[in-house]
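Structure record follows, encoded as structure tokens.
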Amino acid sequence: GVRAFLAAHGTSDDVLGPVAELLRVPGPLEAAVEAALGPLLQGIVVRASSLERLATWVESSSSERLALVVPDPALAPTGLAAQIDTAVPGLAAVLLNHIDLQGGPRSVTPSGRLRDGGVLWVGRHTGSGEGVLGRRRQAADLEQSVLEQERAVETLDAALVTSTTLATACAAALEDARA
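Our numbering puts the first residue of the sequence shown at 1233, with every later residue one more than the last.
Put into structure tokens, the structure is as follows:
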């Protein structure tokens, strides 16, 4: 699966990483993108030049299926894909250009209701922040919050040192004045 593949290949110029790590999806669209992509979120993004070699490795090394996704930088994102930011040009277009938010034959609603031809996938879908993409965004937000808190602690430490120095100087001046 994904873990075995990444353990063997890591990330490089040929292996860019898991799809879910390379997409930056606005919170209100997380359920829609998760419904549209489903298991493709666990796919691995690879360069076209290494696809055959990596596919052969997966077939010979794993009993699990794995999606290898090749981005197309020449493909302009449309529909839902145009609303998704990605670290890899052409990735959102390859994955989502065939999906729209307008109720067409292959569409998805922001809440995650997916119409695929004559099939309508319905039911409770994880809401914004509850799925893979939401947890990734929450983790990034938490990391940012921790950095901000660490900076605040450093500022308070510096203020404490300054206050302690001033208090010591005032105490010395008071003793001198009493003497």
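We put the beta carbon where it would ideally sit given N, CA and C, even for glycine.
This one's a predicted model, so the numbers in the text were calculated from it and none came from an experiment.
Distance between residue j and residue i (C-alpha atoms, nearest Å)
i: histidine 1330; j: glycine 1366; result: 23 Å
i: threonine 1341; j: leucine 1255; result: 18 Å
i: alanine 1384; j: alanine 1390; result: 10 Å
i: glycine 1249; j: threonine 1288; result: 18 Å
i: aspartate 1304; j: threonine 1394; result: 56 Å
i: proline 1309; j: valine 1302; result: 15 Å
i: alanine 1409; j: leucine 1392; result: 25 Å
i: leucine 1379; j: valine 1278; result: 32 Å
i: leucine 1406; j: threonine 1397; result: 14 Å
i: valine 1326; j: leucine 1388; result: 48 Å
i: arginine 1297; j: alanine 1371; result: 27 Å
i: glutamate 1291; j: glutamine 1381; result: 47 Å
i: glutamine 1376; j: alanine 1239; result: 27 Å
Neighbourhood of residue i by C-beta, 8 Å cutoff - its chain only, sequence neighbours within 5 removed
i: arginine 1368; result: Ala1252 and Glu1253
Closest by C-alpha distance to residue i, when choosing among the options
i: serine 1293; options: Arg1279, Leu1312 and Phe1237; result: Phe1237
i: glutamate 1262; options: Gly1363, Asp1304 and Val1326; result: Gly1363
i: histidine 1241; options: Val1302, Leu1269, Arg1285 and Gly1259; result: Arg1285
i: serine 1244; options: Arg1297, Glu1291, Glu1296 and Val1320; result: Val1320
Check whether residue i and residue j have beta carbons under 9 Å apart
i: valine 1265; j: leucine 1307; result: no
i: leucine 1300; j: leucine 1283; result: yes
i: leucine 1328; j: leucine 1269; result: yes
Contact set for residue i: own chain, Cβ-Cβ below 6 Å, skip 5 residues either direction
i: glutamine 1274; result: Val1234
i: threonine 1358; result: For threonine 1358, the pLDDT reaches just 48, beneath the cut-off of 50, and the residue's location in the model is therefore unreliable, leaving the point undetermined.
i: alanine 1322; result: Checking the sequence shown, residue 1322 turns out to be glycine, not alanine. Result list for glycine 1322: Pro1303, Asp1304, Pro1305 and Leu1307, in chain order.
i: valine 1257; result: Val1265, Ile1316 and Leu1365
i: valine 1247; result: His1241 and Val1278
i: alanine 1324; result: Pro1309, Ala1313, Ile1316 and Thr1318
Residue(s) in a DSSP beta bridge with residue i
i: valine 1277; result: Gly1249 and Val1301
i: aspartate 1317; result: Arg1256
Sequence-distant residues of the same chain with beta carbon closer than 7 Å to residue i, five excluded per side
i: glycine 1344; result: Ala1263, Ala1264, Glu1266, Ala1267 and His1357
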